[in-house]
Each structure stands twice: as C-alpha cells, then as structure tokens.
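Enquirer: One gets our numbering by counting positions in the sequence shown from 1 and adding 264 to each. Built from N, CA and C at the ideal position, the CB exists for glycine as well.
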Amino acid sequence: MKKNGIYLVINPAAGGGKGARVGEQITIALKERNIKYECVESNYAGDMKNIINNYCEKYGVEIARPLLLIIGGDGTLNEAIQSLGKRYSNIPLSYIAAGSGNDFARSVDLPKKPLQALAHILAVKQPKWIEVGHYKNQMGSEDSYFINNLGLGFDAMIVKLANESLAKKWLNKLGLGTLSYVFALLKSYFKQASYRITLSIDGQIKTFDTAFLVTITNHPYFGGGVAIAPSASNSDGLLDLVVVPKITLAKLVWLFIRMLSGGHHVLSKDYHHYQAESIKVTIEVPVEGQRDGETLGKKAYQISIKSEKRQMWL
265 MKKNGIYLVI NPAAGGGKGA RVGEQITIAL KERNIKYECV ESNYAGDMKN
315 IINNYCEKYG VEIARPLLLI IGGDGTLNEA IQSLGKRYSN IPLSYIAAGS
365 GNDFARSVDL PKKPLQALAH ILAVKQPKWI EVGHYKNQMG SEDSYFINNL
415 GLGFDAMIVK LANESLAKKW LNKLGLGTLS YVFALLKSYF KQASYRITLS
465 IDGQIKTFDT AFLVTITNHP YFGGGVAIAP SASNSDGLLD LVVVPKITLA
515 KLVWLFIRML SGGHHVLSKD YHHYQAESIK VTIEVPVEGQ RDGETLGKKA
565 YQISIKSEKR QMWL
C-alpha cells in the first residue's frame, strides 16, 4: 500500500500540552525530510469527527491517499476510531503518542520518543491488523468503540476523579501523570459501592453479587502502564474480562502493588479473569463508566461487546 504524504491531525491539549510540543517536533521533522503534509488541529469535542469526515470525503476512495497520522493521547486515538466508524473502517490509521497514559502505544511497542515513532511509521511497508472493542448498550443508544479498555465501576471512578483533579495537569507536565491515578484510587475506594453484575462469556452465564471493578480490555494495560491482564493481546481475536469484587482497602492496595510488580496479582483468589470472543454485561444499577480514559457518566448497562479488526501503520 503506497503512502502519499501525511495528513497530520494534532490534539495540542493532549497530555497537558504535550500534544502541541510533539506536533511541533513532527512538523519540523517532516519539513527536514521533504515529506509533503497537511496539518490540522483538533481543538474541541466533536472537532475530530469533522476533521476525519473531511479527510474521508477528500481521500477516502483513493488508493494512494495521504497517511492519516494522529498525535495525541489514547482518548484522541479513540476519537479518530469513533469518527472513522464502520463506514470508513478500511482506512488505516497511524499514531504517535502524546498523552499522559499512552497505553495503546505501550501495547504495540510503538517507540516512546516521537521522532523514533515517526521513523518507525515511515519505514512500515504495509499496515498491520489490530483489534478494537465494539460495544452496544441496549439501555440507551450507545454504539461505540474502545482501543484499550471499557471499565465499569471502580476503575471508571478512578478515571473520573483523576480527570477532575487539578493536580493531574501539573503531574503530566512533570511526567508523573500516573500518580494522579494512584491518588484517585484511594479516594475512589470509599466513593464506589459494590453492585450485582450478570455476565455472558461466550454464552456461559456468571454472576457476581459484590462486583467492584469490571474491565473489558484489548491488551494488558490500563491507567498508564498497569498490566491488569498480562496475557491480553490486541491480535488474538479475544477480549479479556477482569472482575474484582469489593474487598478490604488493604487487600485492594496489595492487589495493585502486585499488578505493578510482575503480574503476581493473577494468582489472587479475588482476581477473576476470562477470555472470550463475545461478552455481555448487565448491571441494573447506575455505575460510573469509562472508555479509553474518557468518562461515560453514571448509568445502568446492558451491553454486548465483540472485537473488530482495524488496520494501522505499526
């Protein structure tokens, strides 16, 4: 597949301003390499959809279209996937991480340094197939995608409180964005109640009366590098589901310490892990939700989830 220049989409606000800095590095590098490019910025909610639509209308049917390169965080990449939707799902994306968590880049071993990531992308001859999660919530009209994970309950509460934290912006600038999630974890424990959940895992029914953390993930990481599901992969055709019931704070902290120190948490009796091609989740009481680090609000869920293949220059 031939590349015909670069269509560069930058979220300057990603990572507390890191998106703007990385975008500047990349545009300078493209000029130095004499690579033709167009550059646009995504500056507000819904802007990405307009940008992607304009790109697709202009180049969507061309075989030698400009490479669509996204610069931002996991949420920015998610917006691009959402904007392509099903209609333009055949268009490959490329991505340079400039967020606070950057879990997707970690999952596919994309170089951390922007110029190295650019060199890697330019050297790739063919796009690679990866999987994204596609879910529908029957309790409403939500039909959406996730590249990292979909969280319901405790981890979603952590995301909500971390995103609302005034300290997150400053921690991001210091390269310590993960700490905002650690602080939010402690606060979330006391705010998030347990709830009953019914699961259908490839047709097998399971229930938890005191569920607390429920995460459906495409790859090992969440929260800026925490390997919640070490065996997960976004190229195996399976979704990974993790359920942790309400346990004491001491046990929960110990579980997270084990997550950070080699994946020994998977041996805990409080850690429940499943792999499946399709998953259905029913939660009748309102709980917080998050998709790729973006809050979904507090609501009930009756969702069906499966994986779909997308192409990326990786």
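Could you give the DSSP three-state label for Ile335: helix, strand or coil?
Expert: Reading the sequence shown from its first residue, position 71 is the one you call residue 335. Ile335 falls in the strand class under three-state DSSP.
Enquirer: In this structure, how does DSSP classify Tyr535 when only helix, strand and coil are distinguished?
Expert: Taking the sequence shown and counting its residues from 1, the one referred to as residue 535 is at position 271. In the structure shown, Tyr535 sits in coil (DSSP, three-state: anything other than H, G, I, E or B).
Enquirer: Do you know how far the Cα of Asp367 is from the Cα of His528?
Expert: Locating residue 528 in the sequence shown gives position 264, counting from the first residue. Locating residue 367 in the sequence shown gives position 103, counting from the first residue. Those two C-alpha atoms are separated by around 20 angstroms.
Enquirer: Decide if Leu578 is buried, meaning its Cβ has at least 16 other Cβ atoms within 10 Å, or exposed.
Expert: The residue given as residue 578 occupies position 314 in the sequence shown. So Leu578 ends up on the buried side.
Enquirer: Quick one: what does DSSP say Ile480 is sitting in, helix, strand or coil?
Expert: Position 216 of the sequence shown, counting from 1, holds the residue named residue 480. Correct three-state label for Ile480: strand.
Enquirer: Apply the 10 Å Cβ neighbour rule to Leu513 and answer buried if 16 or more other Cβ atoms are within range, or exposed otherwise.
Expert: Locating residue 513 in the sequence shown gives position 249, counting from the first residue. Burial call: exposed.
Enquirer: Quick check on the burial criterion: 16 or more other C-beta atoms within 10 angstroms. Buried or exposed for Arg370?
Expert: As a working note, residue 370 is residue 106 in the sequence shown. Flag for Arg370 reads buried.
Enquirer: Assign Arg522 to one of three DSSP states: helix, strand, or coil.
Expert: Here residue 522 refers to the residue found at position 258 of the sequence shown. Looking at Arg522 - three-state DSSP - the assignment turns out to be helix.
Enquirer: Please classify Arg351 as buried or exposed, where buried requires at least 16 neighbouring CB atoms within 10 angstroms.
Expert: Within the sequence shown, residue 351 is the residue found at index 87, counting from 1. Exposed is the call here.
Enquirer: State yes or no: is the C-beta of Val478 within less than 8 angstroms of the C-beta of Pro378?
Expert: To locate residue 478, count along the sequence shown from 1; it is residue 214. To locate residue 378, count along the sequence shown from 1; it is residue 114. No, the pair does not count as a contact, with Cβ atoms beyond the cut-off.
Enquirer: Among Ile543, Asp466 and Ala284, which one has its Cα closest to the Cα of Asn401?
Expert: For the purposes of this step, residue 401 is taken as residue 137 along the sequence shown, with counting starting at 1. The residue with the shortest Cα to Cα distance from Asn401 is Ile543.
Enquirer: Since His528 is in the beta strand (DSSP E), which residue starts that stretch and which ends it?
Expert: If you number the sequence shown from 1, residue 528 lands on position 264. Element bounds for His528: n/a, residue is neither H nor E.
Enquirer: Enumerate in chain order the residues of its own chain whose CB-to-CB distance from Ile511 is below 6 angstroms, with the five nearest sequence positions on each side excluded.
Expert: Your numbering for residue 511 matches position 247 in the sequence shown. Around Ile511: Asp534.
Enquirer: Less than 8 angstroms between the C-beta atoms of Asn412 and Asp556, yes or no?
Expert: For this step, residue 412 is matched to residue 148 along the sequence shown. For this step, residue 556 is matched to residue 292 along the sequence shown. Their beta carbons are under 8 angstroms apart, which means Asn412 touches Asp556 by this criterion.
Enquirer: Hey, how far is the Cα of Asp419 from the Cα of Ala426?
Expert: Working through the sequence shown from its first residue, we reach residue 419 at position 155. Working through the sequence shown from its first residue, we reach residue 426 at position 162. The straight-line gap from Cα to Cα measures roughly 10 angstroms.
Enquirer: Could you tell me how far apart the beta carbons of Thr474 and Pro509 are, in whole angstroms, since I believe they sit closer than 8 angstroms?
Expert: Taking the first residue of the sequence shown as position 1, residue 474 is located at position 210. Taking the first residue of the sequence shown as position 1, residue 509 is located at position 245. Right, their Cβ atoms sit about 5 angstroms apart.
Enquirer: Give me the DSSP bridge partner(s) of Leu463.
Expert: Translated into positions along the sequence shown, residue 463 becomes position 199. Beta-bridge pairing links Leu463 to Lys470 and Val545.
Enquirer: State yes or no: is the C-beta of Pro276 within less than 8 angstroms of the C-beta of Met576?
Expert: The sequence position of residue 276 within the sequence shown is 12, counting from 1. The sequence position of residue 576 within the sequence shown is 312, counting from 1. Not in contact: Pro276 and Met576 (Cβ atoms no closer than 8 angstroms).
Enquirer: Compare the C-alpha of Pro356 against each of Ser364, Gly489, Arg522 and Ser347 and name the closest.
Expert: Locating residue 356 in the sequence shown gives position 92, counting from the first residue. Cα-wise, what sits closest to Pro356 is Ser347.
Enquirer: For a quick check, are the C-beta atoms of Val396 and Glu572 less than 8 angstroms apart?
Expert: If you number the sequence shown from 1, residue 396 lands on position 132. If you number the sequence shown from 1, residue 572 lands on position 308. Contact flag set, yes.
Enquirer: Anyone know if the C-beta pair for Ala293 and Leu382 falls short of 8 angstroms?
Expert: Locating residue 293 in the sequence shown gives position 29, counting from the first residue. Locating residue 382 in the sequence shown gives position 118, counting from the first residue. Yes, the pair counts as a contact, with Cβ atoms nearer than the cut-off.
Enquirer: Please classify Arg285: does DSSP put it in a helix, a strand, or coil?
Expert: On the sequence shown, residue 285 is found 21 positions in, with the first residue counted as 1. Helix at Arg285.
Enquirer: When you compare each of Ser358, Ala457 and Gly310 to Asp343 by their alpha carbons, which one comes out closest?
Expert: Taking the sequence shown and counting its residues from 1, one reaches residue 343 at position 79. The question names Asp, but residue 343 is Glu in the sequence shown. The option with the nearest alpha carbon to Glu343 is Gly310.
Enquirer: Comparing C-alpha positions only, which one of Gly337, Glu302 and Asp338 sits nearest to Lys322?
Expert: Taking the first residue of the sequence shown as 1, we reach residue 322 at position 58. Considering only alpha carbons, the answer is Glu302.
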